[in-house]
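In the working numbering, each residue's number is its place in the sequence shown (first place is 1) plus 1189. The structure appears right after this line, and notes come after that.
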Amino acid sequence: MHIVGTPHKPVRNGVASHIRFHLVSGLLFSLLVAETTQVLLGADADIDHGSVVTPVVSEDVLFAQQPKPKTNPAPAAPAKKAVAADAKKPPRRDDEPADEPPPRPRPIRGDLIPDLGLLAFRAPSLRLASVPNMLGDFFSQGGQVTVAGNSNAFSSLPLAGGGRRLKIAENNKALPMNRCYFMYHHFHNAFDSDANTLAPGAEQSDSVDRFTIGLERTFLDDLWSVDVRMPFVDAYQFNSAGLSAEGGSIGDLSISLKRLLAGGPNGSLAAGLGIVMPTGSDVTGQVLTTSYTVHNQAVHLAPYVGLLRVPNDRFFWQGFLQLDIPTGGNRVDYVDTVLPASGSFGTVTDQTLLHADLSAGYWLYRNSDACVVTGLASLAELHYTTTLSDADVVTGVLGPNTYQFGNTFGRVDVMNATVGLHAELISNTTFRVSGAFPMQNNLEKPFDAEVNVSVNRYY
């Protein structure tokens, strides 16, 4: 979309965007269909019609018999003496308790069931439980505000501080889990602004640090799980002579349901729904004598399907396909102290997004007897995000200035690559570090680079 006074925002090529979208989504859909059929109909499927097969250790092995002491056999006593001894034994009274059987030997768990570190729940396969979660890549703004007239400037809108849309693939996999976790993301040059769009040299970019705490818990025989995430960000603030924009530090709370549909020792299939609630901060700003507020009001729904495959003990891969659907819009209000005037420019509705994520990894090292690090894996990922609807841009004229709120870039296609390391530690803990990089160098890229650090504690 071309905007007056902002010549640096090009018009998108819609044909190329649609061709890229169909190629990527079609390829991932074909992979999902093929692997889903193998999971559901293959010989390695252990879950059928909603039942979970849990690894079982036999009672004879679990309760090992203690060795009996070797003693020399005593000579057999004469039968008459034995009868006489039994005759001398006083009869048992009715109120006297019966002889108790000897205590059962305790299971030798330390030798038979090793500490797997990642066995956080009763999974259909221990191999699946140890597969590292996907790393992720995502950052979402709230669009832009552009002013043309006496003031010519634009700025990113940090709705909910930039922690407002859910990416299911981040620190997740297609398997219900019991865990608590912490994630740190540094997005380099994620928010853009320009104090004067008519002359070069006034552009600037700001980085964002996001902190997320989360908790996932299984229920209903470990076939379901609920995942709650709460992000926090460092507050963004842009000030210039013609435009200012400021956001808060509170992100949007998300709750996700996950259902295990099928699984076995070599793979699993899961689906679910995420709900993002607008608990985050609004955006406030000033344009000369006019102040504006973009309210964070929209609820987002995120249906998804995920697939996990483990062909052998070393290699694994997984993928997610997700929609991000807004159920409402965000109202834009204004107040001018000179005219005077107050009211609403309108409601901005976010675009529907499609996320396609694919990850592959390889175990470099595994040793369950190690003191600290019991495993180390490398991961490489591709993340594709595209808009499925046109941008909703609200335009208003107030005095000499024309205001625009929304995604002024129009339709967007983003491809990011992520590489990282996953360390499996003792005490059911994992530590992960990764970096994400945009595959294209244009105005559509959400950031210049990303650093991600996460810790998961399973129970």
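Here a beta-carbon is modelled for each residue, glycine too, at the ideal position from N, C-alpha and C.
Check whether the Cβ atoms of residue i and residue j sit closer than 8 Å, and answer yes or no.
i            : j            : result
residue 1528 : residue 1588 : yes
residue 1483 : residue 1472 : yes
residue 1320 : residue 1356 : no
residue 1508 : residue 1496 : yes
residue 1379 : residue 1351 : yes
residue 1581 : residue 1595 : yes
residue 1649 : residue 1455 : A query on residue 1649 cannot be resolved here, the shown segment of the chain reaching from 1190 to 1648 and no further.
residue 1422 : residue 1399 : yes
residue 1642 : residue 1624 : no
residue 1424 : residue 1385 : no
residue 1609 : residue 1404 : no
residue 1476 : residue 1336 : yes
Using the Cα positions of residue i and residue j, report the straight-line distance between them to the nearest angstrom.
i            : j            : result
residue 1612 : residue 1564 : 6 Å
residue 1567 : residue 1531 : 56 Å
residue 1644 : residue 1392 : 36 Å
residue 1602 : residue 1559 : 44 Å
residue 1309 : residue 1328 : Residue confidence is low: residue 1309 scores 36 on pLDDT, short of 50, so the model does not pin down where it sits. Its coordinate-derived value is still stated next. Between residue 1309 and residue 1328, the C-alpha separation is close to 29 Å.
residue 1344 : residue 1636 : 15 Å
residue 1331 : residue 1377 : 17 Å
residue 1638 : residue 1504 : 27 Å
residue 1548 : residue 1359 : 11 Å
residue 1606 : residue 1371 : 22 Å
residue 1460 : residue 1412 : 11 Å
residue 1537 : residue 1571 : 30 Å
residue 1628 : residue 1514 : 25 Å
residue 1466 : residue 1540 : 16 Å
residue 1521 : residue 1481 : 7 Å
residue 1562 : residue 1322 : 17 Å
residue 1622 : residue 1492 : 27 Å
residue 1382 : residue 1479 : 19 Å
residue 1433 : residue 1426 : 8 Å
residue 1373 : residue 1646 : 15 Å
residue 1387 : residue 1338 : 11 Å
Rank the options by C-alpha distance to the C-alpha of residue i and give the top, closest one.
i            : options                   : result
residue 1494 : 1585, 1406 and 1451       : 1451
residue 1523 : 1533, 1491 and 1516       : 1533
residue 1368 : 1402, 1397 and 1468       : 1402
residue 1511 : 1463, 1370 and 1364       : 1463
residue 1410 : 1448, 1606 and 1346       : 1448
residue 1435 : 1537, 1348 and 1459       : 1348
residue 1525 : 1590, 1583 and 1570       : 1590
residue 1630 : 1604, 1562, 1622 and 1318 : 1604
residue 1318 : 1340, 1457 and 1390       : 1457
residue 1416 : 1390, 1397 and 1365       : 1365
residue 1418 : 1439, 1408, 1475 and 1426 : 1439
residue 1542 : 1446, 1338 and 1575       : 1575
residue 1517 : 1478, 1535 and 1346       : 1535
residue 1569 : 1506, 1338, 1479 and 1396 : 1506
residue 1634 : 1374, 1354 and 1573       : 1573
residue 1326 : 1340, 1375 and 1390       : 1375
residue 1469 : 1616, 1615, 1354 and 1333 : 1354
Taking the beta carbon of residue i as the centre, do at least 16 other beta carbons fall within 10 Å, making it buried, or is it exposed?
i            : result
residue 1443 : buried
residue 1441 : buried
residue 1579 : exposed
residue 1485 : buried
residue 1648 : exposed
residue 1420 : buried
residue 1586 : exposed
residue 1414 : buried
residue 1619 : buried
residue 1546 : buried
residue 1551 : exposed
residue 1315 : exposed
residue 1502 : exposed
residue 1180 : Absent from the model: residue 1180. The displayed extent of the chain is 1190 to 1648, so no value can be given.
residue 1519 : buried
residue 1346 : buried
residue 1183 : With the chain represented from 1190 up to 1648, any question about residue 1183 goes unanswered, as that position is not in the structure.
residue 1394 : exposed
residue 1340 : buried
residue 1445 : buried
residue 1249 : Residue placement at residue 1249 cannot be trusted, given a pLDDT of 41 that sits under 50; what the coordinates show is reported in the next sentence. So residue 1249 counts as exposed.
Could you spell out where the alpha helix (DSSP H) holding residue i opens and where it closes?
i            : result
residue 1316 : 1315 to 1318
Tell me where the beta strand (DSSP E) around residue i begins and ends.
i            : result
residue 1605 : 1602 to 1614
residue 1394 : 1392 to 1408
residue 1419 : 1413 to 1422
residue 1466 : 1456 to 1466
residue 1435 : 1433 to 1436
residue 1345 : 1342 to 1345
residue 1489 : 1489 to 1498
residue 1641 : 1638 to 1647
residue 1564 : 1562 to 1576
residue 1581 : Premise fails: residue 1581 is in no beta strand (DSSP E) and is neither H nor E.
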